[in-house]
Structure formats: structure tokens, C-alpha cells
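For the numbering used here, add 5 to where a residue sits in the sequence shown, where the first one is 1. Step one of this worksheet: look at the structure below.
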Amino acid sequence: MNKNSESIILFDSISDLDDLGDTISNGMSKVISFDYDTHKILKDKKINHEISDNYLSNNDLKIIQKTAYSLSEWYNADIISKDISYKGVNLGSLVKGELINILVNFIKKFFELYKISEQFGDLTFIGSETCCKIMKNFSKKTIKFPNSKIKIFQQFPLDLIKIKMQIGTKNHSMELGISQNLFKKLKSVSEKSSKLLLPKNSSIGETSKNVLIIEFDPIKYQSFFKQMQDSELNFLIYNRRRPTIWNFQSYNLIKKSGCFIETENSLSNTNLKKIISNGRFQTETKISDLFSEESFFKSFFSIGGVSFWSTFKSFFQKFLRKRAFEFIVEIELTKKLMEKYHFSSILILSEAGSNEKIALQLAHQRQIPVCLVQHGINYNTKESYDMNVAKGALPIKSDHFLCWGKIGEEFSQSMGINVEKVHSIGSPIFDRLRFDEQNSFKNDYVLLATAGPTKEDASDLTVEIIEKNISAIKNVCELVTKHNKKLIIKTHPTPDEFDPSFISKQINSKIEVIKEGKISPLIQSCELLIVIDFSSVILDAHILRKPVISLSVDDNGYGIPSILKNNSCLVSDIEKLSDDLKDVLNNKQIRNQLIKNGTKASHEYLSYQNNSSSKLIEFLEKLG
Numbered sequence: 006m007n008k009n010s011e012s013i014i015l016f017d018s019i020s021d022l023d024d025l026g027d028t029i030s031n032g033m034s035k036v037i038s039f040d041y042d043t044h045k046i047l048k049d050k051k052i053n054h055e056i057s058d059n060y061l062s063n064n065d066l067k068i069i070q071k072t073a074y075s076l077s078e079w080y081n082a083d084i085i086s087k088d089i090s091y092k093g094v095n096l097g098s099l100v101k102g103e104l105i106n107i108l109v110n111f112i113k114k115f116f117e118l119y120k121i122s123e124q125f126g127d128l129t130f131i132g133s134e135t136c137c138k139i140m141k142n143f144s145k146k147t148i149k150f151p152n153s154k155i156k157i158f159q160q161f162p163l164d165l166i167k168i169k170m171q172i173g174t175k176n177h178s179m180e181l182g183i184s185q186n187l188f189k190k191l192k193s194v195s196e197k198s199s200k201l202l203l204p205k206n207s208s209i210g211e212t213s214k215n216v217l218i219i220e221f222d223p224i225k226y227q228s229f230f231k232q233m234q235d236s237e238l239n240f241l242i243y244n245r246r247r248p249t250i251w252n253f254q255s256y257n258l259i260k261k262s263g264c265f266i267e268t269e270n271s272l273s274n275t276n277l278k279k280i281i282s283n284g285r286f287q288t289e290t291k292i293s294d295l296f297s298e299e300s301f302f303k304s305f306f307s308i309g310g311v312s313f314w315s316t317f318k319s320f321f322q323k324f325l326r327k328r329a330f331e332f333i334v335e336i337e338l339t340k341k342l343m344e345k346y347h348f349s350s351i352l353i354l355s356e357a358g359s360n361e362k363i364a365l366q367l368a369h370q371r372q373i374p375v376c377l378v379q380h381g382i383n384y385n386t387k388e389s390y391d392m393n394v395a396k397g398a399l400p401i402k403s404d405h406f407l408c409w410g411k412i413g414e415e416f417s418q419s420m421g422i423n424v425e426k427v428h429s430i431g432s433p434i435f436d437r438l439r440f441d442e443q444n445s446f447k448n449d450y451v452l453l454a455t456a457g458p459t460k461e462d463a464s465d466l467t468v469e470i471i472e473k474n475i476s477a478i479k480n481v482c483e484l485v486t487k488h489n490k491k492l493i494i495k496t497h498p499t500p501d502e503f504d505p506s507f508i509s510k511q512i513n514s515k516i517e518v519i520k521e522g523k524i525s526p527l528i529q530s531c532e533l534l535i536v537i538d539f540s541s542v543i544l545d546a547h548i549l550r551k552p553v554i555s556l557s558v559d560d561n562g563y564g565i566p567s568i569l570k571n572n573s574c575l576v577s578d579i580e581k582l583s584d585d586l587k588d589v590l591n592n593k594q595i596r597n598q599l600i601k602n603g604t605k606a607s608h609e610y611l612s613y614q615n616n617s618s619s620k621l622i623e624f625l626e627k628l629g
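Have a look at this one:
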């Protein structure tokens with residue numbers, strides 16, 4: 006870098022490369038990139054630059070994360086609580102999850118610009134609309150790029166729905182991005198057609214015990230759905246984020262289960278639409294009153310005594326209004342659902358989703374017990390508390406926590422959860438998963454399960470972590486190929502998951518990347534499972550008696566979960582992977598010990614293996 010720089014170029018994702026060319030032509034400017042994509046663009050263009058991450062310490066990243074969690078709870082302040090409530094539901098609480106995503110990204114940039122201004126306070130800063138607005142808090146010498154986009158935030162995180170579609174053979178797929186509105190229209194058409202093929206809810210009486218299940222995937226919980234028909238309980242499923250039925254298998258499961266479906270089409274009518282319209286009008290007035298509390302917002306949305314409200318205000322107001330109007334619909338529909346039936350209990354998989362939060366708050370008004378069903382393996386460490394709460398993995402609001410087993414029980418209690426709320430019932434997800442002696446020794450390939458960086462974690466946003474993930478995948482591809490073993494890569498099912506296809510094809514065109522479908526059949530036939538960091542699929546491998554290597558990439562400050570401390574996995578890193586891979590593939594004693602430890606760990610994590618669905622239904626029959 007030029008030590009005699011006269012200006013600092015702040016190049017982020019909404020900057021125009023043409024602006025950069027004009028600005029750096031005199032060679033007197035220092036360029037700083039603000040995310041992985043811009044870093045890669047500059048690197049490919051051979052433009053000398055620094056990375057904004059370099060101005061942050063590990064402690065700064067922890068502070069950013071903690072600050073995002075803290076600021077996402079703005080709605081709890083007494084001064085504004087009256088203006089943010091609708092029918093007893095706090096509208097502000099419903100945006101918390103999405104807001105954390107937004108705040109982490111925003112606060113990280115705020116911190117970086119503050120640190121940069123401290124180091125280069127006498128120089129002129131040139132950048133995008135976003136960078137300049139934030140930098141004005143720290144410097145008067147800011148110049149906006151001529152082609153800078155006006156919008157500080159281009160899109161709300163949940164406004165674009167990504168759909169994966171299979172093409173041709175089962176392992177080939179494409180990803181399609183559609184708007185939330187279009188998705189809702191398509192979902193509505195799908196629900197209308199599928200509902201015609203199912204029995205009506207006429208058999209449900211006022212005195213019957215009805216269980217409401219929210220946002221469940223029938224295929225993932227197929228064991229649970231198959232056992233519904235043998236229960237005296239009536240089950241109703243209410244999914245708003247995805248269709249309950251989307252293929253023949255899900256249709257068949259619902260039909261045979263006797264589980265009833267409720268949708269917007271079955272609940273809505275002319276009167277309800279009028280109520281929603283009036284509700285939106287009332288809410289608009291309330292929100293206007295809410296934002297008149299300027300001094301509160303200016304004070305609350307601040308970091309280290311420096312308010313960023315003036316930068317954040319326009320976006321946040323638009324964001325809250327849009328989401329609040331959407332939530333009025335969801336609140337009224339859920340309210341109608343609870344008026345239509347008498348529910349003895351409600352099942353949810355997370356406390357973080359807006360629909361789950363609505364159900365929780367309305368259920369408490371009606372004294373309906375809500376059960377949080379553990380959905381995945383969690384970081385069971387004290388350092389992970391805030392993250393687990395943000396992800397809705399702990400029963401902060403729920404009346405009961407139906408955890409997987411001893412480990413989950415001990416962890417929740419160590420986090421201060423009342424022992425009477427916690428019940429070990431195992432996991433219906435694993436009920437159908439059994440060790441198959443006949444097929445267990447196929448050992449046809451090495452399986453890599455990826456789980457890339459998220460957009461809700463400050464450390465995951467750094468170039469270092471993203472590049473470490475890429476490097477980890479590259480190393481696995483190279484080493485497995487070197488051992489003359491077939492490699493299959495199974496990506497995580499989340500929509501934003503990193504696609505490693507371009508990496509694998511560069512190393513070995515025979516490497517297969519699978520993006521759709523269940524991972525358990527792949528584990529069944531593999532010789533070895535390699536997991537990046539930490540995932541629930543480790544338990545799949547333990548049950549199926551396959552050795553596991555956990556490849557450490559991200560040190561996010563959440564501590565080490567039990568499953569990586571009990572010798573059930575071989576914990577490795579990029580430097581050790583070559584030797585560890587050789588040991589597991591070639592040393593029978595090491596393999597067998599890992600499998601033995603894994604089997605023991607699976608029993609510690611999962612109670613009632615292969616019988617959890619029965620235990621869940623048994624618990625629900627006694628409840629309410």
C-alpha cells in the first residue's frame with residue numbers, strides 16, 4: 006500500500022467498479038474492501054487492496070454479535086410497548102430473527118469504519134452511499150462515488166425465496182429465486198388443489214383433544230405422522246412458510262396419518278379480510294406514533310455513545326411497516342384457527358420464527374400449553390446461550406421442552422430452564438434410522454457434509470472464515486482423490502448454502518455434488534463421513550455405525566459442544582487432515598474405536614431410539 010495515500014477508498018457490495026477505476030488512477034489512494042465478494046472482484050482484477058476485517062479483533066467480532074442480539078430486542082422498552090402491540094402480540098418481537106441478520110451486517114461495517122477513521126482520520130474517505138453515511142459520524146471529509154446507489158439496503162433478507170428444483174437425474178438441481186408474494190400465490194394454488202383430495206375436518210368436535218403442529222415437514226417427521234392414525238388425538242398441521250404437501254410422498258403421509266390441514270384459504274373469509282384491513286389501518290397509526298419517539302430510537306440505536314439512527318431510520322421504518330402489515334394477516338389467521346378449534350397443546354420446532362411467536366403469544370392468552378420440540382443438535386455450552394436463544398432453540402417462552410435425551414436435558418437445566426419444563430422423548434427424526442448389517446459394509450465412498458458460513462454470525466462474514474471453508478472443501482477433494490477414493494459432497498439444505506461444485510470440478514470431475522434429498526441413505530453406504538465443524542448428521546453416522554471426522558474451520562466463540570469432546574468424532578483441522586484421513590481409512594483399530602464411541606454417544610444424545618414418535622404422542626395424550 007502507498008504510505009503517502011491522500012484518500013481511502015471504501016469499496017463495498019453496492020459500489021461501482023467504474024468509480025473505483027477513476028478514483029485510484031493517480032496511485033495515491035488506499036483501497037479497502039468490505040466483504041468477500043468485493044475482495045474477490047478486486048483480487049481477480051489485480052487491484053491492490055486491504056480487507057476491512059483486518060481492522061477488527063476477535064473480541065470486536067464478539068462485541069458486534071452481542072450488540073446485534075441486544076439491539077434486536079428494541080421492542081421490549083416500556084416507552085414504546087403500547088405502540089407495538091396488536092391483539093396482544095408484540096409486532097416488534099416478530100422481526101427479531103430477520104433484524105439480527107440485518108444488524109450483524111450493519112454493525113460490522115459500522116465498527117470497521119470507526120476503526121478505519123481512527124487510523125486515517127486526516128484523510129478523505131470516498132465510498133458508496135452506505136459507507137459515507139456511516140463515516141460522517143466520524144469524519145467530515147467524505148465523498149460519495151458518482152455512481153453510488155441510493156439504497157442503503159437493497160433487499161430485506163426474507164423477501165427473496167430460493168427454491169431448489171430437480172432437473173433430469175436425481176442428483177442434478179437448479180436454484181430459482183422468486184419473490185415472497187409470488188411464492189405465497191403458488192403456495193395458495195397448491196394448497197387449494199391438495200386440500201380437495203383430503204377428508205374434511207368435520208370429525209373434530211368441541212370436546213376432542215386436538216393438537217396443533219406448526220411448520221413441520223411431514224417427510225422429515227414421517228415416523229411421527231405414521232403413528233398419528235393410531236392415536237385418540239386429532240392432529241392439525243398449519244404451515245405458513247412452506248406447503249404441507251408438495252409431492253406424492255408428503256400427500257400420502259398426510260392422507261394416511263389422518264392429520265388435517267388448515268391454510269389461509271380454509272380460514273379466510275370476507276369478514277376476516279375486513280378485520281385485517283381495519284387492523285392494518287390501526288397499526289399504521291400506531292407505528293406513526295411509535296416513530297414519534299425520536300429521542301428513544303436515537304438513543305437506543307447507538308454504539309459506544311455514537312447513534313446510527315439517522316443512517317438506519319429510513320430503512321427500519323420501511324422494514325417494520327412492511328412486516329407489520331404482513332403480520333396482521335398472520336395474527337388474524339392464527340387467532341381464527343384458535344377460535345375454530347379447542348387445542349389441548351401446540352407443537353413448534355423453534356421459538357425464532359414469526360409464525361411460532363404469534364402462536365406462542367396467542368396460546369398463552371388462551372392458556373394452551375406450547376411444546377418446543379428439539380429440532381437439531383445444539384451447541385451445549387454456556388458461551389452459546391445468546392445464540393441458542395436467538396435461534397429459538399431453548400424454551401424461553403414455551404411451556405414444555407421435548408428434548409432428545411440426557412445431553413439436552415442437562416444442558417437446558419444448566420441454562421436455568423425449570424426442570425419441570427424439560428422432558429426427554431428422543432427424536433422422531435431418527436426413528437426410521439437403523440443400523441443395517443446387510444448394507445453397512447458397502448463403504449463405496451467418502452462423504453463430505455458441508456455447512457457453510459451463515460449471514461447471522463459476525464465471524465462467518467469475514468473473508469478469512471469464508472476462505473477457510475473454501476480451502477477446507479478443496480483440501481478434502483484433493484486428499485480423497487489422492488487416496489484413490491470416490492468422494493460425494495452433500496450440501497446443507499439451507500437456501501443460502503455455499504455451492505462447492507466449482508471447487509470440486511477443478512480438482513476431480515468425478516466428484517459428485519448432491520444438493521437435494523436426505524443425507525442418511527448416503528451415510529448408510531459411505532466408508533467415512535467428514536463434517537465441517539458441527540452438524541446433526543454426526544448422530545446419523547453414529548447410529549449407522551460410520552466413523553466421523555469433524556474438520557474444524559470456524560472458531561466462533563461458542564465453545565466446544567459435547568459431541569466433539571467425547572471421542573466419538575476425530576476432530577481434525579486442515580493441517581492434520583492428511584494424517585487423520587489416512588488413519589481412519591487404513592487403521593481398522595481407529596475406525597472401530599470411533600464407531601464404538603459413536604454408538605455410545607448416540608445413546609447419550611437420543612433417548613427411546615426408534616420409539617420416539619410413540620413417546621411424543623404418549624406425552625401429548627397426557628397433556629391438556
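The beta carbon of each residue, even a glycine, is placed where N, CA and C say it ideally should be.
query, result
"I need the DSSP call for asparagine 4, collapsed to helix, strand or coil.", "Residue 4 lies beyond the residue range present for the chain, which begins at 6 and ends at 629; the question has no answer from this structure."
"CB histidine 54 to CB phenylalanine 116, shorter than 9 Å?", "no"
"Are there 16 or more other CB atoms within 10 angstroms of the CB of glutamine 70, so buried, or fewer, so exposed?", "buried"
"Counting contacts by CB-CB distance shorter than 9 Å, is threonine 147 in contact with chain D?", "No chain D is present in this structure, which holds just one protein chain."
"In three-state terms, what does DSSP make of isoleucine 579?", "coil"
"Rank Pro400, Phe435, Ala329 and Gln322 by C-alpha distance to the C-alpha of lysine 426 and give the top, closest one.", "Pro400"
"Classify threonine 174: buried if its beta carbon has 16 or more other beta carbons within 10 angstroms, exposed otherwise.", "Low per-residue confidence applies at threonine 174: pLDDT is 45, beneath 50, and the placement is therefore not dependable, though the value from the model is reported in the following sentence. Burial call: exposed."
"Could you tell me which uninterrupted beta strand (DSSP E) segments, each at least 3 residues in length, are contained entirely in the segment 526-563, listed from first to last along the chain?", "531-537 and 553-556"
"Got a sec, what are the start and stop residues for the alpha helix (DSSP H) glutamate 123 sits in?", "101-124"
"What does histidine 44 pair with, by DSSP beta-bridge criteria?", "DSSP output for histidine 44 lists no bridge partner at all."
"Straight-line CA distance for isoleucine 148 to glutamine 322?", "26 Å"
"The beta strand (DSSP E) with cysteine 376 in it runs from where to where?", "375-378"
"So the alpha helix (DSSP H) leucine 217 belongs to, where does it begin and stop?", "Where leucine 217 is concerned, there is no enclosing alpha helix (DSSP H), although the beta strand (DSSP E) it sits in stretches over 215-219."
"From the DSSP secondary-structure annotation, give me the bridge partner or partners of glycine 132.", "Leu15 and Lys149"
"Which whole-angstrom value is the C-beta distance of leucine 367 and threonine 339, which I expect to be below 8 Å?", "6 Å"
"For a quick check, are the C-beta atoms of serine 525 and leucine 549 less than 9 Å apart?", "yes"
"Taking the C-alpha atoms as reference points, what is the distance between serine 122 and lysine 490?", "51 Å"
"Return helix, strand or coil for tyrosine 243, following the three-state DSSP convention.", "strand"
"Would you call the CB atoms of aspartate 391 and tyrosine 80 closer than 9 Å?", "no"
"Counting C-beta neighbours from all protein chains within 10 Å, is the total for isoleucine 84 16 or more, i.e. buried, or is it exposed?", "exposed"
"Is the closest heavy atom of the ligand GDP to the C-beta of cysteine 482 under 8 Å?", "The ligand GDP is not among the ligands present in this structure, which contains no ligands whatsoever."
"Which same chain residues, not among the five before or five after threonine 28, have their C-beta less than 7 Å away from its C-beta?", "Ile14, Ser34 and Ile131"
"Given that a residue counts as buried once 16 or more other Cβ atoms are within 10 Å of its Cβ, and exposed if not, what is glutamate 361?", "buried"
"Across which residues does DSSP place alanine 454 in a beta bridge pair?", "Lys495 and Val536"
"What residues match up with cysteine 408 in a beta bridge as DSSP calls it?", "Ser429"
"Can you have a look at aspartate 23 and say buried or exposed, based on whether 16 or more other CB atoms are within 10 angstroms of its CB?", "exposed"
"Once DSSP output is grouped into helix, strand and coil, what is the label at threonine 174?", "Note that threonine 174 scores a pLDDT of 45, beneath 50, so its modelled location is shaky and nothing firm can be said."
"Assign glutamate 388 to buried or exposed, taking buried as 16 or more other Cβ atoms, counted over all protein chains shown, within 10 Å of its Cβ.", "exposed"
"According to the Cβ coordinates, are valine 558 and aspartate 538 closer than 9 Å?", "yes"
"Identify whether leucine 352 lies in helix, strand or coil by the three-state DSSP scheme.", "strand"
"Under 9 Å, do isoleucine 568 and isoleucine 382 count as touching if we go by C-beta distance?", "yes"
"With a cut-off of 8 Å on the beta carbons, I'd call glutamine 234 and glycine 263 a contact; round off their distance for me.", "5 Å"
"Using 9 Å as the threshold, is the C-beta distance between serine 618 and aspartate 404 below it?", "no"
"What does a CB cutoff of less than 7 Å around tyrosine 119 pick up in its chain, not counting 5 residues either side in sequence?", "Phe143"
"Ends of the alpha helix (DSSP H) at lysine 593?", "593-610"
"Give the C-beta separation of valine 518 and isoleucine 528 to the nearest angstrom, bearing in mind that I take them to be a contact with Cβ-Cβ under 8 Å.", "The pair is not a contact, with the Cβ atoms about 16 Å apart (cut-off 8 Å)."
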